[in-house]
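Let me begin by presenting the structure, written as structure tokens, before commenting on it.
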Amino acid sequence: MRVAIEAIGVNRADILLRTGAYHGAQPPARPGLEAAGVVVESRAARLPVGSRVVIFGHRKGLYVTEAVVHEDEVALLPEVVTTTTAAALPVNWLTAWYCLHRLIRLRPDDTLLIPAAASGVGTAAIQIARHVGAAVIAAASSAEKLAFAARLGANILVNYAEINLLEALRDITENKGVTAFLDTVGGQTFADGLKALAPFGRVAALANVTLEPSLINVRDFYPKNAHIYGFQLGNLMAAGRYPEARTDLEDILAQVANGAFQVPIAATFPLAAAAAAHERLESRTVMGKLLLVAPPQT
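Per the UniProt record's numbering, the very first residue in the sequence shown carries number 1; after that it's consecutive.
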């Protein structure tokens with residue numbers, strides 16, 4: 001099917017691809033892992049021309065005004081969800097949802113640690129965890145970012161630019177440790193999170209934005225009977241796991257539609273100003289999601 005693109009999500013992976021540091025592809029591949037728009041040509045009965053859809057999966061190259069995609073790679077939008085909002089969901093929200101529900105299996109009695117809490121995945125994970133009923137420890141590098149996380153529902157805040165994260169976690173949990181940890185950072189943060197993990201704790205590691213090695217001691221997790229899961233959305237899709245991912249994305253869309261979840265949009269840029277959007281994301285000042293807006297079809 002052919003989709004006229006209206007909005008495109010901007011992600012850290014796009015920057016890594018542009019700079020040659022992305023593990024999944026190398027330049028001259030075009031960036032763009034998620035987008036939303038309107039179907040303009042289709043043979044799929046469930047997705048007739050005029051349908052508003054969001055594109056998800058392992059496809060790259062969505063910094064475009066029009067895309068040809070398989071029907072497995074799209075989900076239909078509820079009437080009240082805009083394409084701008086929908087374009088912010090597949091990478092960050094689907095990742096957070098899959099990790100928390102399918103891997104960690106978050107429970108109401110859990111205490112979840114979320115580093116980089118003001119990021120796209122972080123803001124999604126805070127809301128998903130609070131919807132479950134779990135306590136959320138939001139860690140970030142500024143008071144402004146922590147205030148933002150608090151508005152989204154985080155109930156325990158740690159400024160790791162001012163205090164040692166590991167020491168703070170020991171104090172907060174009274175040395176009991178966190179029962180769940182969503183690692184969106186990698187490097188030393190991953191190592192510290194393992195040290196702070198409670199017995200039978202669960203970890204989902206989904207990124208290494210530091211591009212630094214994680215130097216860990218196996219004694220920090222195996223005596224605790226910990227479960228450590230790795231997650232990469234593109235590889236999940238490449239393995240053909242579209243049906244379960246679409247089910248999760250449809251659940252997220254339903255919650256957005258009924259007002260249970262907010263999708264914070266930090267800024268939008270014209271598609272032609274993608275370089276400026278990348279500069280903004282690289283500044284590490286972004287709270288929420290950056291989007292590109294494609295010009296209207298003529």
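Ideal placement from N, C-alpha and C gives every residue a C-beta, glycine not left out.
Everything numeric in this text was worked out from a predicted model, so none of it was measured.
Compare the C-beta of residue i with all C-beta atoms of chain B and state if any pair is closer than 9 angstroms.
i      : result
Gly259 : Going by chain labels, chain B is absent from the structure shown, which holds only one protein chain.
Shortest alpha-carbon distance to residue i belongs to which of the options?
i      : options                        : result
Gln262 : Leu112, Phe148, Asn225, Ala277 : Phe148
Ala44  : Leu16, Gly193, Val74, Ala21    : Val74
Leu76  : Thr95, Ser51, Glu174           : Ser51
Ala205 : Ile114, Arg219, Gly57, Ala150  : Ile114
Val3   : Ala266, Leu166, Leu47, Leu152  : Leu47
Ile216 : Leu194, Pro199, Gln232         : Leu194
Thr82  : Val38, Gly120, Arg105, Thr179  : Val38
Pro78  : Ile126, Ala36, Leu146          : Ala36
Val178 : Lys224, Asn92, Gly240          : Lys224
Go ahead and label residue i buried or exposed: buried means 16 or more other beta carbons lie within 10 angstroms of its beta carbon, across all protein chains shown.
i           : result
residue 306 : Nothing can be reported for residue 306, as the shown portion of the chain is limited to 1 through 298.
Val80       : exposed
Ser283      : exposed
Ile163      : exposed
Phe190      : buried
By Cβ distance, which residues of its chain are closer than 7 angstroms to residue i, with the 5 residues on each side in sequence left out?
i      : result
Ala133 : The sequence shown places Gly at residue 133, rather than the Ala named in the question. Closer than 7 angstroms at Cβ, skipping near neighbours: Pro108.
Thr247 : none
If you follow the beta strand (DSSP E) that residue i is in, where does it begin and where does it stop?
i           : result
Gly9        : 2-10
residue 337 : Here the chain covers residues 1 to 298 and nothing more, so residue 337 does not appear.
Ala138      : 135-140
Thr268      : 265-270
Kindly indicate the opening and closing residues of the alpha helix (DSSP H) around residue i.
i      : result
Phe148 : 143-151
Lys60  : Lys60 -> no alpha helix (DSSP H), and no H or E assigned at all.
Ala254 : 242-257
Thr123 : 120-132
Asn92  : 92-97
Lys195 : 187-195
CB residue i to CB residue j, shorter than 9 angstroms?
i      : j      : result
Val136 : Ala154 : yes
Gly9   : Ala87  : yes
Val286 : Leu271 : no
Ala196 : Thr173 : yes
Val256 : Ile228 : no
Ile5   : Leu62  : yes
Ile128 : Leu106 : yes
Excluding the 5 residues preceding and the 5 following residue i in the sequence, name in chain order all residues of the same chain whose CB lies nearer than 8 angstroms to its CB.
i      : result
Ala150 : Ala138, Leu157
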